[in-house]
Every structure is written in C-alpha cells, then in structure tokens.
Amino acid sequence: MTDPLDKATSKAPAMLGEGCLSRYDPDALEPEDGTDFPGAAELWEQLQEADELPGALGRGA
1 MTDPLDKATS KAPAMLGEGC LSRYDPDALE PEDGTDFPGA AELWEQLQEA
51 DELPGALGRG A
C-alpha cells in the first residue's frame, strides 16, 4: 500500500446469497471488520431476562 489515499478506503467483506437473502460470508470476516463482540452472550441473556419480567419495557411488553 504505497498510495496514502488507499488508507482512507474501505471495502465490504465477501457476501453470500443475492437480494434480500444476501449476507456477509462468516468465513471471510476478520477482527479488522469489527465482528468481535465478547459481551454478546451476556447482553442477549440480559435482554431475554428483561422480556420475561412482568411490566418490563422491551419487545415483549
């Protein structure tokens, strides 16, 4: 990468499918793509618990 303007560009990861079924190829994703979310499992459990509480604000209310 000798051109300094190349640093300012980005490209999407490889895609699978077409149209409304298109999605990023999970095998092509790398940490540089920002796919690492170590707290995902904990957040998911918190959201599920909040949905189960009576009177809780959320999707299930």
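1 is the number of the first residue of the sequence shown in the UniProt record's numbering; add one for each residue after it.
The beta-carbon is built from N, C-alpha and C at its ideal position, and this holds for glycine as well.
Residue i versus residue j - alpha carbon distance
i, j, result
"E49", "A28", "33 angstroms"
"G39", "A12", "24 angstroms"
"A14", "C20", "16 angstroms"
"Y24", "E18", "11 angstroms"
"residue 90", "P4", "Residue 90 is absent from the model: the chain starts at 1 and stops at 61."
"L47", "D36", "19 angstroms"
"A41", "D51", "16 angstroms"
"G34", "L53", "32 angstroms"
"L16", "E45", "29 angstroms"
Chain-order list of residues whose beta-carbon lies under 6 angstroms from that of residue i (same chain, five-residue window excluded)
i, result
"E30", "none"
Residue i: CB within 6 angstroms of a non-hydrogen atom of the ligand GDP
i, result
"L53", "With respect to the ligand GDP, the structure offers nothing, as it holds no ligand at all."
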